[in-house]
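Colleague:
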Amino acid sequence: MAAIIWTTIGAVLTLSVYSFLYKDNPFYKFAEHLVVGISAGYYLVIYYFNFIQPNVVSPVFQLRLGGEAIGLGSNTWWLALIPGLLGLLLYTRFFPKIGWVGRWPLGIYVGGYAGLGLSPIMQARVLDQIGANALPLTSVTNILVVGGLLGTLTYFFFSMKHKGVLGVMARVGIVFLMVGFGASFGYTVMSRVSLLIGRVSFLLHDCLHLI
Amino acid sequence: MRREIPLAITFLVGMFMLVDFFVPHHAVSSAAAEMKQWGTIVIAASILLGVGNLIRVHYKKISRKQEGWGYSIVTMSVMAIMLFFGGPWGTIQEGSAFNWMFLNVQVPLQSTMFSLLAFFIASAAYRAFRLRSVESSMLLISAIIVMLGRVPLGQLLTRGLPEQATLPWLTEMIMAYPNMAAFRGILMGAALGVMAMGLRVILGIERSYLGGDK
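Sequences listed follow chains C and B, in order. Counting in my numbering, the first sequence runs from 17 upward without gaps. Counting in my numbering, the second sequence runs from 1145 upward without gaps.
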C-alpha cells in the first residue's frame, strides 16, 4: 500500500514538473519549491555533519574525536577554533556596521584557491596539453590534432588582426570549434533525453504498468 | 583598513599556497594542508550562510504575505522535515528517513527538472541548426553524427557499409580528433585566463570579490 502511495506521489510530482512545458502554473511552482527546500535541507545537513561537526564543533567543544578527547588550549584545539571563528565571521554581513569583517575569511578562501590553482593549472592544463599535442606530422590524424589546436588557439588570439595566414588559421579554428561544439551539443541532448527516458519509464512501467 | 586587511590576507595566503608547490618541505606542506582545511571549513560555513539567507528570504515573504507566500511555506516545511530527519534527532546513514527522502524525492525530482531541458534544447536546436552558413552546417552535421552514432539506430542505418562509413566509427573519429583538438585549445585558453585572474587576485588588482562597499 505504501509503495502505491509513494509511486503515485512520484508520478504526480513528475507530471507537475512536465506541466511547465505548457506554461508556468501552480503545480510546477509547487514542485520547484519542493526541490529547493529539500535540496537546501539536504546540503545543510551534509555539510554540517561532514565538515563542521568533525573539524570544528567536536574538537572545540571537547567532544571525543576518534576516541581521543582534544585538550583545551592544545594545538589541535586552536587549529579547530580558528577556522570555526573564520566561518562565523562570514555571518557578520547580517550586521551592516561590522559586515566588512566578513571579507577576512573570504580573503583566505579566494587567496588560497587562487594560489593553489596556479601551478597545477599551468602543469596540467597548459604544459601537459602542449606535450600531448607535440606529435610528428606523419599521419592525417596527427595533422588534424596539431592543426586543429593551432587553429583554435589562433581564433582566440586577438592581439593581431585575423588577416592572411592568421585569418586562414582562425578560419580552420572556427571549423574545428564548430565540430567540437556540435559533438558536445549531441552529448548534452543525449544525456537529457536519457533522463527523460528514465522518467517516462517510471510513469509507464512503475506507475501504469504499461511496459 | 576595511579593504587593506583582506587584500593582505589574500596576498599572504595566495603566495603561501604558491610557495607550497615549489618547496617540498614538511613544515610548509603541513601548514598548507591546514590552510586548505580552513578553506574547506569556510566553504561549508558559506553554504550554511546561503541556506540561512534562503530561510530569511522565505520567512520575510511569509510574514509579509507577499505574492506566492504559500510556496515559501512548502520550501520552509520541506527544509524543516529534512533537518528533522537528518539533524540532531535523526541520522544520515543509508536506510534512514533522510536518505530515503534524498533517494526517492530529491534525486527523481532533480532528474525530472534536468530532463525538462531536453525539450528546450530541442527548440534551441531548431533555431541554431538552420543551415545558414558553413559553420552552422558543421555544427549540425557533427551533432547529428554524434547523436546517431551512439545509439542502436545509428548502427542500424549504416549496417552493411564499410566500417569507415558507419556512424559509430565517424563518431569515434570526431570525438578523438577534431573535438579533442578544439577542446584542448579551449582548455589551454581557459587555463591561461584562470592563471591571469589568479595572479590579479593575489596581487590585489582584482578586488570585485570584496564587494562594492568601502
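The beta carbon of each residue, even a glycine, is placed where N, CA and C say it ideally should be.
#1: Taking contact to mean at least 3 C-beta pairs separated by less than 8 Å, is the stretch 1318 to 1330 of chain B in contact with the stretch 161 to 171 of chain C?
#2: Which of the three DSSP states is assigned to Val76(C) in this structure?
#3: Which full runs of the alpha helix (DSSP H) of 4+ residues lie inside the stretch 1254 to 1297 of chain B, going along the chain?
#4: Would the beta-carbon of Thr92(C) fall within 8 Å of that of Pro70(C)?
#5: With a cut-off of 8 Å, does the C-beta of Thr24(C) fall near any C-beta of chain B?
#6: How would you label Ala1361(B), buried or exposed, when you count the other beta carbons within 10 angstroms and need 16 or more for buried?
#7: Could you check whether Leu1283(B) and Phe228(C) sit closer than 8 Å to each other, using their CB atoms as the reference points?
#8: Would Leu102(C) pass as a contact of Val1195(B) if the rule is Cβ separation under 8 Å?
#9: Using the C-alpha atoms, what's the distance from Ser1255(B) back to Val126(C)?
#10: I'd like to check one pair, Phe46(C) with Val1218(B): are the Cβ atoms closer than 8 Å?
#11: Checking 8 Å against the spacing of the C-beta atoms, do Ile1349(B) and Thr1154(B) come in under that value?
#12: In or out: Trp116(C) buried (at least 16 other Cβ within 10 Å) or exposed?
#13: I'd like to know whether the C-beta of Met17(C) is nearer than 8 Å to at least one C-beta of chain B.
#14: Using the three-state DSSP reduction, which class does Gly187(C) fall into: helix, strand or coil?
#15: With a 10 Å radius around its C-beta and 16 neighbouring C-beta atoms as the bar for buried, classify Arg208(C) as buried or exposed.
#16: Just reading off the alpha helix (DSSP H) that Phe111(C) is part of, what are its end residues?
#17: What are the start and end residues of the alpha helix (DSSP H) that includes Arg141(C)?
#18: Among residues of its own chain, excluding the 5 on either side of Gly210(C), which ones have a beta-carbon nearer than 6 Å to its beta-carbon?
#19: Which residues mark the beginning and the end of the alpha helix (DSSP H) in which Ala1325(B) is found?
#20: Identify whether Ser1302(B) lies in helix, strand or coil by the three-state DSSP scheme.
#21: I want to know whether the stretch 1293 to 1311 of chain B touches the stretch 173 to 186 of chain C - three or more CB-CB distances under 8 Å.
#22: Rounded to whole angstroms, what is the Cα-Cα separation between Asn149(C) and Val142(C)?
#23: Count the CB pairs spanning the stretch 23 to 40 of chain C and the stretch 213 to 227 of chain C that are closer than 8 Å, and state whether there are at least three.
#24: What separation, rounded to the nearest whole angstrom, lies between the Cα atoms of Phe1246(B) and Thr1235(B)?
#25: Considering only residues of the same chain and omitting the five flanking positions on each side of Ile190(C), which have a CB-CB separation below 7 Å?
Modeller: Checking against the coordinates, here is how it stands:
#1: Output reads yes: the stretch 161 to 171 of chain C touches the stretch 1318 to 1330 of chain B.
#2: On the first sequence, position 60 is the one that residue 76(C) refers to. Of the three classes helix, strand and coil, the one that applies to Val76(C) here is helix, per DSSP.
#3: Within the stretch 1254 to 1297 of chain B, complete alpha helix (DSSP H) segments of at least 4 residues are found at 1278 to 1293, given in chain order.
#4: To locate residue 92(C), count along the first sequence from 1; it is residue 76. To locate residue 70(C), count along the first sequence from 1; it is residue 54. Taking 8 Å as the cut-off, the Cβ atoms of Thr92(C) and Pro70(C) do not count as close.
#5: Position 8 of the first sequence, counted from the start, is the residue given in the question as residue 24(C). Against chain B, the CB of Thr24(C) has no partner CB under 8 Å away; the residue lies outside that interface.
#6: Since the first residue shown for chain B is 1145 and the last is 1358, residue 1361(B) is missing from the structure and cannot be characterised.
#7: As displayed, chain C neither begins before 17 nor continues past 227, which places residue 228(C) out of reach and without an answer.
#8: Here residue 102(C) corresponds to residue number 86 of the first sequence, with the count starting at 1. Here residue 1195(B) corresponds to residue number 51 of the second sequence, with the count starting at 1. Against a cut-off of 8 Å, the Cβ pair of Val1195(B) and Leu102(C) comes out as no contact.
#9: As a working note, residue 126(C) is residue 110 in the first sequence. As a working note, residue 1255(B) is residue 111 in the second sequence. Between Val126(C) and Ser1255(B), the alpha-carbon positions lie close to 32 Å from each other.
#10: Taking the first residue of the second sequence as 1, we reach residue 1218(B) at position 74. Taking the first residue of the first sequence as 1, we reach residue 46(C) at position 30. Less than 8 Å divides the Cβ of Val1218(B) from the Cβ of Phe46(C).
#11: Indexing the second sequence from 1 puts residue 1349(B) at position 205. Indexing the second sequence from 1 puts residue 1154(B) at position 10. No; because the gap between Cβ atoms is not below 8 Å, this pair is not in contact.
#12: Working through the first sequence from its first residue, we reach residue 116(C) at position 100. Per the 10 Å Cβ criterion, buried.
#13: Here residue 17(C) corresponds to residue number 1 of the first sequence, with the count starting at 1. Cβ-Cβ to chain B under 8 Å: no for Met17(C).
#14: Walking along the first sequence from the start, residue 187(C) turns up at place 171. Rather than Gly, the amino acid found at residue 187(C) in this sequence is Arg. If DSSP states are grouped into helix, strand and coil, Arg187(C) belongs with the helices.
#15: Residue 208(C) sits at position 192 when you count from the first residue of the first sequence. That one is buried.
#16: The sequence position of residue 111(C) within the first sequence is 95, counting from 1. Taken as a continuous stretch (DSSP letters only), Phe111(C) belongs to no alpha helix (DSSP H), as it is neither H nor E.
#17: Locating residue 141(C) in the first sequence gives position 125, counting from the first residue. Premise fails: Arg141(C) is in no alpha helix (DSSP H) and is neither H nor E.
#18: Looking up residue 210(C) in the first sequence gives position 194. The sequence shown places Ser at residue 210(C), not Gly. Closer than 6 Å at the Cβ level, and outside the excluded window around Ser210(C), lies no residue.
#19: Looking up residue 1325(B) in the second sequence gives position 181. For Ala1325(B), the enclosing alpha helix (DSSP H) covers residues Pro1322 to Ile1346.
#20: Position 158 of the second sequence holds residue 1302(B). It is Thr, not Ser, that sits at residue 1302(B) in the sequence shown. DSSP places Thr1302(B) in coil when its eight states are reduced to three.
#21: No: the two stretches stay apart, fewer than three of their Cβ pairs being nearer than 8 Å.
#22: Along the first sequence, one-based indexing puts residue 149(C) at 133. Along the first sequence, one-based indexing puts residue 142(C) at 126. The straight-line gap from Cα to Cα measures roughly 11 Å.
#23: Taking 8 Å as the limit for Cβ pairs, the verdict is that the stretch 213 to 227 of chain C does touch the stretch 23 to 40 of chain C.
#24: In the second sequence, residue 1246(B) corresponds to position 102, counting from 1. In the second sequence, residue 1235(B) corresponds to position 91, counting from 1. Cα to Cα, Phe1246(B) sits roughly 13 Å from Thr1235(B).
#25: Counted from its first residue, the first sequence places residue 190(C) at position 174. Excluding positions up to five away in sequence, the list reads Tyr171.
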